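**Student:** This is the structure I want to talk about, given as structure tokens.
2 protein chains.
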Amino acid sequence: MELISLDPTNRGWLNETPTYLPPVGIGEVMRAVGLGRVVASKNLRYPEGQLVSGLLGWQEWAVIDDATMLLPVPDVPGVPLTAHLGALGTTGLTAWVGLTDIGRPQPGETVVVSAAGGAVGSVAGQIAKLRGARVVGIAGGSQKCALLTDQLHFDAAVDHRAADWRHQLEKATPDGIDVDFENVGGEIMDAVFGRLNLRARVVLCGLISAYNDAEWPPGPTNFPALLVQRVHLQGFIVLDHLDRAPAFLAEVAPLVHSAQLQSLETVIDGFEELPTAINMLFDGTNVGKLLVRLAHA
Amino acid sequence: MELISLDPTNRGWLNETPTYLPPVGIGEVMRAVGLGRVVASKNLRYPEGQLVSGLLGWQEWAVIDDATMLLPVPDVPGVPLTAHLGALGTTGLTAWVGLTDIGRPQPGETVVVSAAGGAVGSVAGQIAKLRGARVVGIAGGSQKCALLTDQLHFDAAVDHRAADWRHQLEKATPDGIDVDFENVGGEIMDAVFGRLNLRARVVLCGLISAYNDAEWPPGPTNFPALLVQRVHLQGFIVLDHLDRAPAFLAEVAPLVHSAQLQSLETVIDGFEELPTAINMLFDGTNVGKLLVRLAHA
Chain A
412 MELISLDPTN RGWLNETPTY LPPVGIGEVM RAVGLGRVVA SKNLRYPEGQ LVSGLLGWQE
472 WAVIDDATML LPVPDVPGVP LTAHLGALGT TGLTAWVGLT DIGRPQPGET VVVSAAGGAV
532 GSVAGQIAKL RGARVVGIAG GSQKCALLTD QLHFDAAVDH RAADWRHQLE KATPDGIDVD
592 FENVGGEIMD AVFGRLNLRA RVVLCGLISA YNDAEWPPGP TNFPALLVQR VHLQGFIVLD
652 HLDRAPAFLA EVAPLVHSAQ LQSLETVIDG FEELPTAINM LFDGTNVGKL LVRLAHA
Chain B
412 MELISLDPTN RGWLNETPTY LPPVGIGEVM RAVGLGRVVA SKNLRYPEGQ LVSGLLGWQE
472 WAVIDDATML LPVPDVPGVP LTAHLGALGT TGLTAWVGLT DIGRPQPGET VVVSAAGGAV
532 GSVAGQIAKL RGARVVGIAG GSQKCALLTD QLHFDAAVDH RAADWRHQLE KATPDGIDVD
592 FENVGGEIMD AVFGRLNLRA RVVLCGLISA YNDAEWPPGP TNFPALLVQR VHLQGFIVLD
652 HLDRAPAFLA EVAPLVHSAQ LQSLETVIDG FEELPTAINM LFDGTNVGKL LVRLAHA
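Going down the list, the protein sequences come from chains A and B.
If you number the first sequence the way the numbering used here does, the last residue is 708 and the count never jumps.
If you number the second sequence the way the numbering used here does, the last residue is 708 and the count never jumps.
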């Protein structure tokens, strides 16, 4: 194993209630997406030395019986391994599918991305920008906000840790909001709902604000805006859309190679760091994709 | 004027906040759909004696300058005038569009309709039944529930005034819920959200439970089900879908003529009854379409 990916959705797998995958049981290997290199193989499609990704779990060596669970990953000169789990991995695919198939921003429309400094949000915002939309990112802290506008060329950023974040959101969306790429939920989503335009689209991708709560928090008070504004909301899980991976890679891989689209990653070294590192997702200390690199990598 | 239609959505037009139409100002004629007969005309398309419907308002005689605001209504032997504002009117169109274009129930799927004894719900449930779905209606009181199952042939009814309504809902939807035709909102919608199946559709048509509140109530606690179950939710207002009227009438008018689809109506006599009658929508004393018939009709 080279790299293990840490994602907000991992948290849901630890609850007793099944979500879109069965819960991880006590004593079982923690489920996670990983990137590894084949060291021994009885399958010709996956020869020794081939890079592969898949649900390899928190382990240093993975034995995979069912090769259909693996995706071969090309070694591309100039593209770091980490990008294959970042902008070119499942979180990149999530961002691309959500925007391309659900949000469908038109040039000049306003797209708001929450958790915009995260693995999905940072790619979603950059793709929306490439589609000609006005892109507003919501993130925690002035440093992340500066990164969004300066490095990723978002049109504006809203710091949800600032006391005046609601005012910042209003100022950043003078023409309302046409697409909400929703990763967070809670009061931030509620404020976004209050600014949705007629026929807005809500790409319901994640609700990280609630993943650590014992009970779901109250729902969005501005829910009726979905009716009045004739909003189209679509919940989606990337696992349903893996058939879109070729089209995604055809568009996004060249953008990453040419650095038109940046793959942000936070890489922590050491297998033993996994249980601590995952908390970074929930206190917001990671930027972009959070990865743990194994010592032998 | 022959008949004036009273609809839950009228309530929203009385708030100061614009919804999908501007608020009705103090001193203005109350806005409402009505059915009348032309008594004098300078427009050849609307000769004397022609039945017309449109936003004619709370008045005994309406002067309409812009004929594009009117729809001609055919006099059909055997079809009572009231049906033209009921199953064949805008509420019937609302039910048909919501099911045909958004909910799209497949044979054997479970459709839940809230406010199922109302003008929209009673038609929505009957159409879902004709499409081969298992149909569960939610209504207030055992009498309305009996009407749904006995007269309209719903598969089951849930009495939301009964203490055990949540249990009734569970029992009535053993295979979960594939389509929520949502007219009510609040805790009833929340309970339905908790039982949505994978790739369920929410036809967000109305939220009557909140229309009389000064502030919106808390949103749905089960909102995250929309993500986990990959739900498609679409808010819609029938005014956006008037182009679907011909297809709607082509299917539903024969069904009403042949009594395969029943147009339920509560008719109150007397123009002066309008301000009292509209309250019936909110205490649930009407069944089907609520209409006020003018004395000269």
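Beta carbons: idealized from backbone N, C-alpha and C, even for Gly.
Please read all numbers here as calculations on a predicted model, not as lab measurements.
Pairing CB atoms from the region 509 to 526 of chain A with CB atoms from the region 591 to 600 of chain A, are three or more of them under 8 Å?
**Tutor:** Verdict: yes, contact present.
**Student:** Exposed or buried, which one is His-652/A when buried takes at least 16 other CB atoms within 10 Å?
**Tutor:** On the first sequence, residue 652/A is found 241 positions in, with the first residue counted as 1. So His-652/A ends up on the buried side.
**Student:** If you follow the alpha helix (DSSP H) that Asn-608/A is in, where does it begin and where does it stop?
**Tutor:** Start at 1 with the first residue of the first sequence, and residue 608/A comes out as number 197. Unbroken run through Asn-608/A is the beta strand (DSSP E), 607 to 615; no alpha helix (DSSP H).
**Student:** Measure from the C-beta of Thr-408/B to each C-beta in chain A and report whether the shortest distance is under 9 Å.
**Tutor:** Any question about residue 408/B goes unanswered here, given that chain B covers just 412 to 708.
**Student:** Using a Cβ-Cβ distance cut-off of 9 Å, determine whether Ala-443/B contacts chain A.
**Tutor:** Within the second sequence, numbered from 1, the residue matching residue 443/B stands at position 32. It does not: the Cβ of Ala-443/B has no partner Cβ on chain A nearer than 9 Å.
**Student:** Give the secondary structure of Ser-533/A by DSSP, where H, G and I count as helix, E and B as strand, and everything else as coil.
**Tutor:** What you label residue 533/A is simply residue 122 of the first sequence in a count that begins at 1. Here Ser-533/A sits in helix by DSSP.
**Student:** Output yes or no for whether 9 Å exceeds the beta carbon distance between Leu-607/B and Ala-636/B.
**Tutor:** Here residue 607/B corresponds to residue number 196 of the second sequence, with the count starting at 1. Here residue 636/B corresponds to residue number 225 of the second sequence, with the count starting at 1. Result yes, Cβ atoms of Leu-607/B and Ala-636/B sit closer than 9 Å.
**Student:** Return the CA-CA distance between Pro-429/A and Arg-456/A, expressed in angstroms with no decimal places.
**Tutor:** For this step, residue 429/A is matched to residue 18 along the first sequence. For this step, residue 456/A is matched to residue 45 along the first sequence. Looking at the two C-alpha atoms, the distance is approximately 33 Å.
**Student:** Taking the C-alpha atoms as reference points, what is the distance between Asp-654/B and Val-569/A?
**Tutor:** If you number the second sequence from 1, residue 654/B lands on position 243. If you number the first sequence from 1, residue 569/A lands on position 158. About 41 Å.
**Student:** Select from the region 625 to 645 of chain B all residues with a C-beta closer than 9 Å to any C-beta belonging to chain A, and list them in chain order.
**Tutor:** The region 625 to 645 of chain B vs chain A, Cβ under 9 Å: Glu-626, Trp-627, Pro-628, Pro-629, Gly-630, Pro-631, Thr-632, Asn-633, Phe-634, Pro-635, Ala-636, Leu-637, Leu-638, Val-639, Gln-640, Arg-641, Val-642, His-643, Leu-644, Gln-645.
**Student:** Based on DSSP bridge pairs, tell me the residues matched to Gln-645/A.
**Tutor:** For this step, residue 645/A is matched to residue 234 along the first sequence. Answer by DSSP bridge pairing, in chain order: Val-614/A, His-643/B.
**Student:** Give the residues of chain B in contact with Glu-615/A, contact being defined as C-beta atoms less than 7 Å apart.
**Tutor:** As a working mapping, residue 615/A is identified with position 204 in the first sequence. The residue asked about is misnamed: residue 615/A is Leu in this sequence, not Glu. What Leu-615/A touches in chain B: Leu-637, Leu-638.
**Student:** Measuring straight from C-alpha to C-alpha, what distance separates Val-703/A and Ala-611/A?
**Tutor:** Against the first sequence, residue 703/A aligns to sequence position 292. Against the first sequence, residue 611/A aligns to sequence position 200. Spanning the two alpha carbons is a distance of roughly 37 Å.
**Student:** Helix, strand or coil: which one does DSSP assign to Thr-584/A?
**Tutor:** Along the first sequence, one-based indexing puts residue 584/A at 173. Note: Thr-584/A maps to coil in three-state DSSP.
**Student:** Nearest-angstrom Cα distance between Glu-676/A and Met-600/A?
**Tutor:** What you label residue 676/A is simply residue 265 of the first sequence in a count that begins at 1. What you label residue 600/A is simply residue 189 of the first sequence in a count that begins at 1. So the two alpha carbons sit approximately 25 Å from each other.
**Student:** Starting from Val-508/B, trace the alpha helix (DSSP H) both ways and give me its first and last residue.
**Tutor:** By one-based count along the second sequence, residue 508/B stands at place 97. Counting along the chain, the alpha helix (DSSP H) containing Val-508/B begins and ends at 501 to 508.
**Student:** Return the Cβ separation of Asn-421/A and Ile-689/A in integer angstroms, given the expectation that the two are a contact with Cβ distance under 8 Å.
**Tutor:** As a first step, residue 421/A must be located in the first sequence, where it is residue number 10. As a first step, residue 689/A must be located in the first sequence, where it is residue number 278. Asn-421/A to Ile-689/A, Cβ: 7 Å. Contact.
**Student:** Could you pull the start and end residues of the alpha helix (DSSP H) that Gly-423/B belongs to?
**Tutor:** Translated into the one-based positions of the second sequence, residue 423/B becomes position 12. First-last of the alpha helix (DSSP H) with Gly-423/B: 419 to 424.
**Student:** Less than 7 Å between C-beta atoms, sequence neighbours within five positions excluded: which residues of the same chain meet that for Thr-584/A?
**Tutor:** Translated into the one-based positions of the first sequence, residue 584/A becomes position 173. Same-chain partners within the cutoff: Thr-521, Val-523, Val-547, Arg-606.
**Student:** With distance defined between alpha-carbon atoms, name the residue in Cys-556/A, Ile-588/A, Asp-589/A, Gly-587/A nearest to Ala-573/A.
**Tutor:** Within the first sequence, residue 573/A is the residue found at index 162, counting from 1. Of the listed residues, the one whose Cα sits closest to Ala-573/A is Cys-556/A.
**Student:** From Thr-696/A to Gly-468/A, what distance separates their C-alpha atoms?
**Tutor:** Looking up residue 696/A in the first sequence gives position 285. Looking up residue 468/A in the first sequence gives position 57. Cα-Cα distance, rounded: 23 Å.
**Student:** For the region 480 to 493 of chain A and the region 502 to 515 of chain A, state whether three or more C-beta atom pairs, one from each stretch, are separated by less than 8 Å.
**Tutor:** As far as the Cβ criterion goes, the region 480 to 493 of chain A does not touch the region 502 to 515 of chain A, which means the pair count is below three.
**Student:** Would you mind reading off the limits of the alpha helix (DSSP H) that contains Leu-496/A?
**Tutor:** Counted from its first residue, the first sequence places residue 496/A at position 85. First-last of the alpha helix (DSSP H) with Leu-496/A: 492 to 496.
**Student:** Helix, strand or coil for Ile-689/A? Go by DSSP, reduced to three states.
**Tutor:** In the first sequence, counting from the first residue as 1, residue 689/A sits at position 278. Reduced to three states, the DSSP call for Ile-689/A is coil.
**Student:** Listing by chain order, which chain A residues have their CB less than 8 Å from the CB of Thr-430/B?
**Tutor:** Taking the first residue of the second sequence as 1, we reach residue 430/B at position 19. Within 8 Å Cβ-Cβ: Val-639.
**Student:** For a contact defined as C-beta to C-beta under 8 Å, what are the partners of Asp-575/B on chain A?
**Tutor:** As a first step, residue 575/B must be located in the second sequence, where it is residue number 164. Here the premise fails: no neighbours, minimum Cβ distance about 23 Å.
**Student:** Determine, for Ala-506/B, whether the minimum Cβ-Cβ distance to residues of chain A falls below 9 Å.
**Tutor:** Position 95 of the second sequence holds residue 506/B. Output row for Ala-506/B: interface = no.
**Student:** Please look up how many angstroms separate the CB atoms of Pro-419/B and Gly-617/B, rounded, as I've assumed it's under 8 Å.
**Tutor:** As a working mapping, residue 419/B is identified with position 8 in the second sequence. As a working mapping, residue 617/B is identified with position 206 in the second sequence. With 8 Å as the limit, Pro-419/B and Gly-617/B qualify as a contact, their Cβ atoms being about 6 Å apart.
**Student:** Would you say Ser-669/B and Gly-503/B are within 9 Å of each other, going by their C-beta atoms?
**Tutor:** Here residue 669/B is taken as the residue at index 258 of the second sequence, counted from 1. Here residue 503/B is taken as the residue at index 92 of the second sequence, counted from 1. In this structure, Gly-503/B does not lie closer than 9 Å to Ser-669/B by Cβ.
**Student:** Within 10 angstroms of the Cβ of Glu-413/A, are there 16 or more other Cβ atoms? Answer buried if so, exposed if not.
**Tutor:** Numbered from its first residue, the first sequence carries residue 413/A at position 2. It counts as buried.
**Student:** What are the residues that DSSP puts in a beta bridge with Glu-684/B?
**Tutor:** The residue you call residue 684/B lines up with position 273 of the second sequence. Per DSSP, none; premise fails for Glu-684/B.
**Student:** Determine whether the Cβ of Ile-648/B lies closer than 9 Å to any Cβ atom of chain A.
**Tutor:** Translated into positions along the second sequence, residue 648/B becomes position 237. For Ile-648/B, the answer is yes, since a Cβ of chain A falls inside 9 Å of its Cβ.
**Student:** Does any C-beta atom of chain A lie closer than 9 Å to the C-beta of Asp-618/B?
**Tutor:** Taking the first residue of the second sequence as position 1, residue 618/B is located at position 207. According to the sequence displayed, residue 618/B carries Leu and not Asp. Yes, Leu-618/B counts as interfacial toward chain A.
**Student:** Using the rule of at least 16 other Cβ atoms within 10 Å of the residue's Cβ for burial, across every protein chain shown, is Leu-559/B buried or exposed?
**Tutor:** One-based indexing of the second sequence puts residue 559/B at position 148. The residue is buried, with at least 16 neighbouring Cβ atoms inside 10 Å.
**Student:** Which residues in chain A sit within 8 Å of Ala-602/B, going by Cβ to Cβ distance?
**Tutor:** Counting from one through the second sequence, the residue named residue 602/B turns up at place 191. Correct list: empty, because the minimum Cβ distance to chain A is about 13 Å.
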